[in-house]
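Step one of this worksheet: look at the structure below.
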Amino acid sequence: MLEAKKHITQEVSLPEMEGKDVRLFVKRLDLIHPLASGNKFYKLKYNLETAQQSGHDTVLTFGGAFSNHIFATAAAAKAEGLKSIGIIRGENTSQLNATLQQAQANGMVLSFMDRKTYRTKHEAQHIDQLREQFGRFFLIPEGGTNALAIKGTTEILTSEDQHMDYLCCSIGTGGTIAGMINAAKPHQKVLGFSSLKGNFIHQELLDLLETHHIGFQNKYELFTNYHFGGYAKHKPELITFIKKFKKETGIPLDPVYTGKLFYGVVDKIKSGYFPSGSSILLIHSGGLQGISGFNQRFNETLETK
């Protein structure tokens, strides 16, 4: 089974907190594993264990060309002695980006799927075609979110976090926040900051919680106005914030997930959302591997360490 380093929780102080009487902590999941870090570690932990226990030697999953999930799955599968296949959204290019190069270096077989087919990738007929093409494999969904992933993400919170009042995380497929809602104590509230444009995440998360029988009465709140244009989109003020946060705290953030989460939480602190005396925990879900590709695409200088 994947082994994690000990959790590191770091208290930070920012100029925006002056006079607000709140404490801000960062749970550094980006440091728990050298490659399969952040929330991906927890999402993959029991998926890979179950794959091995059920006699599979290969896992297959899906993702975009810059996917943290693809990167982490390749690394974690290799560490566990499993082969991996990545079905990549979009057309093949002559030059792979850094994310796909590293996935391939970790033994992942890459297969590209056109965007139209990709939208229906989980339909039975497409899965059957993939089994005909690649043989027997253990299927892990895009983003890694399934019952086994939620079992893992429920372990993100530990007894050390019980004194926290607010637990904050970014949202993609919803597997991380679902696990946190499942683990949160009655006095705690989980705040989710969506990296995707649109309000559909409200219903998607509700469906996810109900499907997995997770009690959620008054336990969470979602914010959908910190997406900066949509998934993998950004604006200058987000990049400025990420650089400023790194300079003030030494903690690197990525522009897809954690940057938007931290920006949103700091904005909520400034607006007085959190009551006096609150302790706020932010989950740093990793994703730093994608920064080099981002810098190359947009001629930026975000730091990865």
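According to my numbering, the stretch in the sequence shown is residues 61 to 365, in order.
Even glycine gets a Cβ: it sits at the ideal position worked out from N, Cα and C.
Given a length threshold of 4 residues, each whole run of the alpha helix (DSSP H) inside the stretch 176 to 207 is given here in chain order: 184 to 194. The beta-carbon distance between residue 217 and residue 243, rounded to whole angstroms, is 4 Å. This is short enough to meet the 8 Å contact definition. Taking the CA atoms as reference points, residue 271 sits about 19 Å from residue 282. In the three-state scheme derived from DSSP, where H, G and I count as helix and E and B as strand, residue 280 is classed as strand. Spatial neighbours of residue 65 in its own chain (CB-CB distance under 6 Å, excluding positions within 5 residues in sequence) are listed in chain order as 92.
The shortest C-alpha to C-alpha distance from residue 159 to any of 349, 139, 247, 138 is the one to 349. Residue pairing by DSSP places residue 164 opposite no residue, since no beta bridge is assigned to it. Among the bridge pairs identified by DSSP, residue 172 is matched with 148.
Ranking 360, 353, 227 by CA distance to the CA of residue 162 puts 353 first.
Using a Cβ-Cβ distance cut-off of 8 Å, the stretch 353 to 365 and the stretch 102 to 115 are not in contact, since fewer than three pairs of beta carbons, one from each stretch, lie closer than that value.
Excluding the 5 residues flanking it on each side, residue 275 has no same chain C-beta neighbour closer than 6 Å. Bounds of the alpha helix (DSSP H) holding residue 271 are 260 to 271.
Checking the DSSP bridge columns, you'll see residue 93 has no partner listed.
Under the DSSP assignment, residue 85 falls in the beta strand (DSSP E) whose first and last residues are 83 to 88.
Of the residues assessed, residue 166 falls on the buried side of the cut-off, its CB having 16 or more other CB atoms within 10 angstroms. Shown here, residue 344 sits in a strand according to DSSP, grouped into three states.
Boundaries of the beta strand (DSSP E) harbouring residue 226: 226 to 231, taken from the DSSP string.
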